[in-house]
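Residue numbers (my numbering): 6 to 339.
Don't be surprised by glycine CBs; every beta carbon is placed ideally from N, CA and C.
Being a predicted model, the structure only gives us computed values, none of them experimental.
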Ligand code: SF4
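Structural data, given as structure tokens:
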């Protein structure tokens, strides 16, 4: 199956402003490598989860795929065409097909607008409907797809009259109204009550099944990724360190960082005889990245080579890729 979206050796680096004296007199700028050489493709109807701690670069990668932040280097292809080269009508068409769902349904909806106006806004901005009747029909259709039924009951309500789950469904309806092919869902359930999370995830999977939508599902919660993904990518300090099907990532992981994430997941037993590892320390400052493997200051298995040479992402088996010098040893140990 062909890729809907693909990043090739993507880099997004930012200059961080230091104090006036450091910057002007010492000519000293700091650079954050938020995304640092990522290759990732998402196929039609595929759900790929991007998992990692805060500051790993997940959201920056998601926004870059939508051309919402500038890239430093590399290529992003949507349906085979370079995203960051798009301008004018081409860019507008891309933005219709590639959408984002934000984390916070309380902030993403304008509190002064009626639900019918919030959901219709993308149609109005892009001048995609000619009559009020057509607009109403499309809004009702999108609300229904998002599971807000009967949709007519929601048209004349304000966001504050809805529950958190209903608001997130409205946010999803504003993306569905454009009939997208690809959605970046950035922590879409993390602000919701636990009881509502499963419903929203089921809705997303149902939309994938019915409409063939592809997702990049950004989360810090590996158990959620495990539930809904076709593949899981583990991200650490701007790099993907392990990627593969959920059964291999959760049941047979080979990267010590992934293993530490699994060991704090509820209801998952570690495979083989290995000891549980508890992640120590904070994520290093992305301005001063560690030498060699970026995970080595926190890795319980680190060896000399890890401090000197940066590992590359390489294939282990069946669509399972790992970036660790000792992956073969871990595979042999089980
Ligand atoms: Fe740990 Fe070394 Fe593997 Fe990095 S390369 S994850 S430091 S064992």
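For residue i, the first and last residue of its enclosing beta strand (DSSP E)
i	result
residue 322	319 to 322
residue 12	8 to 21
residue 220	219 to 224
residue 151	Counting along the chain, residue 151 falls outside any beta strand (DSSP E), and DSSP gives it neither H nor E.
residue 262	Where residue 262 is concerned, there is no enclosing beta strand (DSSP E), although the alpha helix (DSSP H) it sits in stretches over 261 to 268.
residue 246	244 to 249
residue 238	236 to 241
residue 325	325 to 327
Contact test: residue i Cβ vs the ligand SF4 heavy atom, cutoff 7 Å
i	result
residue 266	no
Contacting residues, own chain, Cβ-Cβ under 8 Å from residue i (five flanking each side not counted)
i	result
residue 14	42, 43, 44, 78, 79 and 80
residue 119	160, 161, 162 and 163
Own chain, CB closer than 6 Å to residue i, minus 5 neighbours either side, in chain order
i	result
residue 166	none
residue 202	194
residue 11	46 and 82
residue 329	260 and 316
Own chain partners of residue i with C-beta closer than 7 Å, once the 5 adjacent residues on each side are dropped
i	result
residue 305	261 and 282
residue 285	303
residue 128	134, 140, 143 and 182
residue 40	15, 16, 17, 62, 65, 66, 69 and 243
residue 295	289, 301 and 302
residue 312	296, 297 and 301
residue 173	110, 193, 197 and 205
residue 170	197, 201, 204 and 205
Delimiting residues of the alpha helix (DSSP H) encompassing residue i
i	result
residue 182	Unbroken run through residue 182: none, as it is neither H nor E.
residue 216	199 to 216
residue 123	120 to 130
residue 310	309 to 313
residue 335	332 to 338
residue 233	227 to 233
Any non-hydrogen atom of the ligand ATP closer than 7 Å to residue i Cβ
i	result
residue 91	With respect to the ligand ATP, the structure shown offers nothing to examine, as its ligands consist of the ligand SF4.
| If you scan the segment 48 to 115 from start to end, which runs of the alpha helix (DSSP H) of 4 or more residues do you find wholly inside it? | 63 to 70 and 93 to 102
Test item, CB below 5 Å from any non-hydrogen atom of the ligand SF4: 261, 298, 300, 301, 304, 306, 307, 311, 316, 329, 330 and 331
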